[in-house]
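Working notes for the structure below.
Number of protein chains: 2
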Amino acid sequence: MRIKESYHHGDLRSALIIAATHRLENLGIEELSLRKLAEDLGVSRTAPYHHFKDKNALLSAIAASGFEEWKAIATNIFEHSTDPAPVRLRAFIHAYIGYAAKHPQLYDLMFGRTLWQHNEASQGLKDVAFPTFQYQVEMTRYWQQQGLLPASTEALRLAQVTWGTLHGIARLVIDGVYANSAHIEDICDTAADLFMQRCDFVDNVAK
Amino acid sequence: MRIKESYHHGDLRSALIIAATHRLENLGIEELSLRKLAEDLGVSRTAPYHHFKDKNALLSAIAASGFEEWKAIATNIFEHSTDPAPVRLRAFIHAYIGYAAKHPQLYDLMFGRTLWQHNEASQGLKDVAFPTFQYQVEMTRYWQQQGLLPASTEALRLAQVTWGTLHGIARLVIDGVYANSAHIEDICDTAADLFMQRCDFVDNVAK
DNA sequence: CGCTAAACTAGACAGCGTCAAGATAATCTG
DNA sequence: CAGATTATCTTGACGCTGTCTAGTTTAGCG
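The listed protein sequences derive, respectively, from chains V and X. The first sequence maps to residues 1 to 207 in the numbering used here. The second sequence maps to residues 1001 to 1207 in the numbering used here.
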């Protein structure tokens, strides 16, 4: 949150992303305005426009780095192959909701209407987001092959539903519709049970 | 969208809700400002404040009427008891996503962060929304009793997950994350299959 | 008819994103 | 090294937003 002393800031672009992420996560998106950001950094109101086309471009950059972080977490769990598959699926569910609960504002930016609704996501964001979406499909296919999820359904469709489940739970929690967030772990386990209904034999192992 | 001719409008409160709903559904929430609304109705910028405490109160009123409409649709399907239970569950899923896809802006208002995040929903909205949430739990319990959903799980937890699934799919569709909305019906059926994976015998009947 | 209270208006304020035009400084070129 | 180019930053302005305060109009009621 350093203030610049010389006419040129040095690395205003990075400083903007850092300050914006800080404001987003700690104060909420409604406290994230370009003018406040400029003031934080001791820079004029319009200085950010030399590094980002508009506010959306800045938000896209923040979301993109969120996707990179999340992809690393997901990959780490999925490829932690010493654990049996059901355990990893259950862990993934908890990790997904956990990530959303820990970074509600960032999650909203990554998966919410702000950037996606009117195709306002920058190309750079799409480049990092789409592989993440695709990874979800690959994981689903693997879990089908492992007999944890119904094998009869096309992986893409099933991934859309299972991701939908996680996304929906995440949204209800972070949007404040589930006022009581004390039972998140229970809800995650219930989701896992619903996914793996046919697998009683492994289910006990997984828990 | 009538303009008033006398000093007093007559029924500005209702006119505001109607005009606001119209703007919301046809132009999107970003085109819904109190000032534009006032201009639509030929009334001063501050006139709405004599009928609604602030913008949130107006939005709450719109959302509340949305809940009433949705509750009627849901009740109609659930209590259409001539159809077998699996058919009704499947129909409910399609109706839920269908309602969200048909009224994306209203759905966002009803179930989104705008009103719920900081407990900004009015008491009137809560009074009509909470019974709707509760109804979801009752339906879930019934479907458990019918053997369509796992009976071992507490109804509340299971309802949170199944509702999460529908909510998540709805959000991904209306927020523009699923760019291609051509396969909504397929996705709904996949969700139904996932819910009822232990019920092959009734599943064929349901489809 | 006169009074009260509800309904409505005009003016103002602080905030926002963003455009245009000009100033400054670092960097590249001859 | 000198000069030109270009990236970076600034000031000023515009139109938009929600909402507060103070004052005006009118409907309804005793």
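Note that the Cβ used here is the ideal one computed from N, Cα and C, for glycine as well.
Item checked: Pairwise C-alpha distance: Ile1093 (chain X) and Leu1166 (chain X) -> Linking Leu1166 (chain X) to Ile1093 (chain X) through their CA atoms gives a straight-line distance of about 7 Å.
Margin query: Please identify the residue among V:Arg113, V:Gln197 and V:Cys188 whose C-alpha is closest to the C-alpha of Leu149 (chain V).
Written below: Minimum Cα distance to Leu149 (chain V) is reached at V:Gln197.
Next item on the list: Measure the C-alpha to C-alpha separation of Leu37 (chain V) and Ser122 (chain V) and round it to an integer number of angstroms.
Entry: For Leu37 (chain V) and Ser122 (chain V), the distance between alpha carbons rounds to 21 Å.
Check: Got a sec? Which residues, its chain only, sit under 7 Å from Ala981 (chain X) by beta carbon, not counting five neighbours each side?
Finding: Residue 981 (chain X) lies beyond the residue range present for chain X, which begins at 1001 and ends at 1207; the question has no answer from this structure.
Check: Got a sec: is the Cβ-Cβ distance from His22 (chain V) to anything in chain X below 8 Å?
Finding: By this cut-off, His22 (chain V) is not an interface position.
Next item on the list: Starting from the Cα of Ala1101 (chain X), find the closest Cα among X:Tyr1178, X:Arg1157, X:Gln1136 and X:Ser1033 and give me that residue.
Entry: Ala1101 (chain X) has its Cα closest to that of X:Tyr1178, out of X:Tyr1178, X:Arg1157, X:Gln1136 and X:Ser1033.
Checklist line | Straight-line Cα distance separating Asn1119 (chain X) from Gly147 (chain V) | finding: Gly147 (chain V) and Asn1119 (chain X) have their C-alpha atoms roughly 42 Å apart.
Notebook entry, point to check: Got a sec, what are the start and stop residues for the alpha helix (DSSP H) Cys199 (chain V) sits in?
Noted result: Per DSSP, Cys199 (chain V) lies in no alpha helix (DSSP H) segment and is marked neither H nor E.
Checklist line | Proximal residues of chain V, C-beta to C-beta of Ile1062 (chain X) below 9 Å | finding: Below the 9 Å Cβ cutoff, chain V contributes no neighbours of Ile1062 (chain X), its closest Cβ being approximately 17 Å away.
Notebook entry, point to check: Given that a residue counts as buried once 16 or more other Cβ atoms are within 10 Å of its Cβ, and exposed if not, what is His1009 (chain X)?
Noted result: Buried is the call here.
Item checked: Contact set for Asp186 (chain V): own chain, Cβ-Cβ below 7 Å, skip 5 residues either direction -> Here the set comprises nothing.
Note to self: Quick check: the Cα distance between Val137 (chain V) and Asp1175 (chain X), rounded to an integer number of angstroms?
What the structure shows: So the alpha carbons of these two residues sit roughly 20 Å apart.
Next item on the list: Reducing DSSP to helix, strand and coil, say where His1051 (chain X) ends up.
Entry: Residue state, collapsed to three classes: coil.
Checklist line | Rounded straight-line distance, which links the Cα of Lys1055 (chain X) to that of Lys1207 (chain X) | finding: Low per-residue confidence applies at Lys1207 (chain X): pLDDT is 45, beneath 50, and the placement is therefore not dependable, though the value from the model is reported in the following sentence. If you take the alpha carbons of Lys1207 (chain X) and Lys1055 (chain X), they lie about 45 Å apart.
Item checked: Partner residues on chain V for Asp1175 (chain X), Cβ-Cβ distance less than 7 Å -> Neighbours of Asp1175 (chain X) on chain V, chain order: Gly112, Arg113, Trp116 and Gln117.
Check: the region 148-172 of chain V: which residues have C-beta closer than 9 Å to a C-beta of chain X, in chain order?
Finding: With the criterion set as a beta carbon lying under 9 Å from some beta carbon of chain X, the members of the region 148-172 of chain V are Leu149, Pro150, Ser152, Thr153, Glu154, Leu156, Arg157, Leu158, Gln160, Val161, Thr162, Trp163, Gly164, Thr165, Leu166, His167, Gly168, Ile169, Ala170, Arg171 and Leu172, in sequence order.
Next item on the list: Alpha carbon to alpha carbon, how far is Arg141 (chain V) from Ala1074 (chain X)? Give it in angstroms, no decimals.
Entry: A straight-line Cα-Cα distance of about 33 Å links Ala1074 (chain X) and Arg141 (chain V).
Check: Under 8 Å between C-beta atoms, does Gln1197 (chain X) make it to chain V?
Finding: Yes - at least one Cβ of chain V is within 8 Å of the one on Gln1197 (chain X).
Margin query: Contact defined as beta carbons within less than 8 Å: I believe Phe1067 (chain X) pairs with Ala1129 (chain X). What is the distance between those atoms, to the nearest angstrom?
Written below: Yes, Phe1067 (chain X) and Ala1129 (chain X) are in contact; Cβ-Cβ is about 5 Å, under 8 Å.
Item checked: Own chain partners of Gly124 (chain V) with C-beta closer than 8 Å, once the 5 adjacent residues on each side are dropped -> Taken in chain order, the residues that qualify are Ser60, Ala61 and Ala64.
Margin query: Tell me the residue span of the alpha helix (DSSP H) that contains Gly1164 (chain X).
Written below: Taken as a continuous stretch (DSSP letters only), the alpha helix (DSSP H) holding Gly1164 (chain X) covers Ala1155 to Ile1174.
Notebook entry, point to check: Are the C-beta of Leu1194 (chain X) and some C-beta of chain V separated by less than 8 Å?
Noted result: Yes, contact with chain V.
Next item on the list: Quick one: grab the DSSP three-state call for Asn1026 (chain X).
Entry: If DSSP states are grouped into helix, strand and coil, Asn1026 (chain X) belongs with the helices.
Next item on the list: Ignoring anything shorter than 4 residues or poking outside the region 1044-1127 of chain X, list the alpha helix (DSSP H) runs there in chain order.
Entry: List check, alpha helix (DSSP H) in window: 1055-1078, 1085-1102, 1104-1111 and 1113-1116.
Next item on the list: Confirm the yes/no value for this check: CB of Ile187 (chain V), any heavy atom of the ligand NAD, distance under 7 Å.
Entry: You won't find the ligand NAD in this model; it holds no ligand whatsoever.
Check: For Leu24 (chain V) versus Leu109 (chain V), is the C-beta distance shorter than 8 Å?
Finding: Yes.
Margin query: Could you check whether Ile1029 (chain X) and Gln1105 (chain X) sit closer than 8 Å to each other, using their CB atoms as the reference points?
Written below: Yes, these two residues count as a Cβ contact at 8 Å.
Item checked: Reference Leu32 (chain V), options V:Leu16, V:Ala151, V:Val43 and V:Ala47, closest by Cα -> Nearest to Leu32 (chain V) by C-alpha distance, out of V:Leu16, V:Ala151, V:Val43 and V:Ala47, is V:Leu16.
Item checked: Ala19 (chain V) (DSSP reduced to helix, strand or coil) -> Looking at Ala19 (chain V) - three-state DSSP - the assignment turns out to be helix.
Item checked: Short CB-CB distance (under 8 Å) between Ala1191 (chain X) and chain V -> So yes, Ala1191 (chain X) belongs to the interface.
Next item on the list: May I ask you to report which of helix, strand or coil DSSP gives Tyr178 (chain V)?
Entry: In this structure, Tyr178 (chain V) counts as coil in the three-state DSSP scheme.
Notebook entry, point to check: Looking at the unbroken alpha helix (DSSP H) that takes in Ala1038 (chain X), where does it start and where does it end?
Noted result: Where Ala1038 (chain X) is concerned, the enclosing alpha helix (DSSP H) stretches over Leu1034 to Asp1040.
Check: What residues of chain X sit near Ile187 (chain V), judged by a beta carbon separation below 8 Å?
Finding: Ordered by position in chain X, the residues that pass the 8 Å Cβ test against Ile187 (chain V) are Arg1157, Gln1160, Val1161 and Gly1164.
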